Amino acid sequence: MSIKRAERQKERARKEQKHGKQRAENQQKGRNRGRERSRKRASNEHKTSREAEREGEKGAETWQATSRKPAERQKQRARNEQKQGKQRAENEQKGRNRGREMSRNRASNEQKTSRKAETEGEKGAERGQAMSIKRAERQKERARKEQKQGKQRSENEQKGRNRGRERCRNRASIEQKRGTERQRSRNKQKDTDTIQETSRKAETNGTKQTENRQRGTKRNAAIRKPE
1 MSIKRAERQK ERARKEQKHG KQRAENQQKG RNRGRERSRK RASNEHKTSR EAEREGEKGA
61 ETWQATSRKP AERQKQRARN EQKQGKQRAE NEQKGRNRGR EMSRNRASNE QKTSRKAETE
121 GEKGAERGQA MSIKRAERQK ERARKEQKQG KQRSENEQKG RNRGRERCRN RASIEQKRGT
181 ERQRSRNKQK DTDTIQETSR KAETNGTKQT ENRQRGTKRN AAIRKPE
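Each residue of the sequence shown is one higher than the last, beginning at 1 in the UniProt record's numbering.
As structure tokens, this is what we get:
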């Protein structure tokens, strides 16, 4: 079970690394789209400024041509209009340049931040994967140790059971020997009792036979004795 858990952790670390790369790519695409929009906006603003400048110049020329006021005042006003139009165009151009610079700086900062985040994400994913691998190795080692300890425990339990069986066999053998000895002792006692009983019976029979012979002798003697 520990090995399967380690494999799952490795797979999870690989998925996290893949998701981190995908996130970084999506962020980069978003920054590229933002830069493209900034460039288009700056281009449109530049076109609008040029059109306004041309319209100002045309208006100044039309006013100068159709005005009934003195020519000098018309020329001065035209010069003022032209000067103001140029100043306006320069200011708008400066504003566009500042906008482009700000957009470039923002894009550069976002790109740096994205690269930094991507690098940190990759480092974090690598660290996480390395930690997951180390954790998996530790779990494998722990599982091997537990397996080894389990085998040792089983062997010790088997040895204990074998010793218990051996003790039981020895005890049974000893009890059997003791029972055999007791049986032998009882048999010897029976033999002794039988011999003693036989001896007593033989002695009793011998005594009776002697008495019977003595009686027969007396009887015979009484029969033979003359009157």
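Virtual Cβ for every residue (Gly too), placed ideally from N, Cα, C.
Since the structure is predicted, the reported quantities are computational estimates derived from the model, not experimental observations.
Between residue i and residue j, is the Cβ-Cβ spacing less than 8 Å?
{"i": "Glu110", "j": "Arg31", "result": "yes"}
{"i": "Ala13", "j": "Gly121", "result": "no"}
{"i": "Glu16", "j": "Gly128", "result": "yes"}
{"i": "Arg133", "j": "Lys18", "result": "Checking the sequence shown, residue 133 turns out to be Ile, not Arg. Contact flag unset, no."}
{"i": "Arg100", "j": "Ala42", "result": "yes"}
{"i": "Arg50", "j": "Ala107", "result": "no"}
{"i": "Gln149", "j": "Ser2", "result": "no"}
Around the Cβ of residue i, are there at least 16 other Cβ atoms within 10 angstroms (buried) or fewer (exposed)?
{"i": "Ser114", "result": "buried"}
{"i": "Gly20", "result": "buried"}
{"i": "Ala222", "result": "exposed"}
{"i": "Ala130", "result": "exposed"}
{"i": "Ala78", "result": "buried"}
{"i": "Ala172", "result": "exposed"}
{"i": "Ala6", "result": "buried"}
{"i": "Ala202", "result": "exposed"}
In its own chain, which residues sit with a C-beta less than 6 Å from the C-beta of residue i, not counting the 5 before and 5 after it?
{"i": "Ala125", "result": "Glu16, Gln17 and Gly20"}
If I measure Cβ to Cβ from residue i and keep anything under 7 Å in the same chain, skipping five residues before and after, which residues do I get?
{"i": "Ala136", "result": "Ala6, Gln9 and Lys10"}
Where are the beta strand (DSSP E) runs, 3 residues long or more, that stay fully inside the stretch 71-144, in chain order? none
Margin query: List, from N- to C-terminal side, the beta strand (DSSP E) runs of 3 residues or more that fit wholly inside the stretch 177-209.
Written below: none
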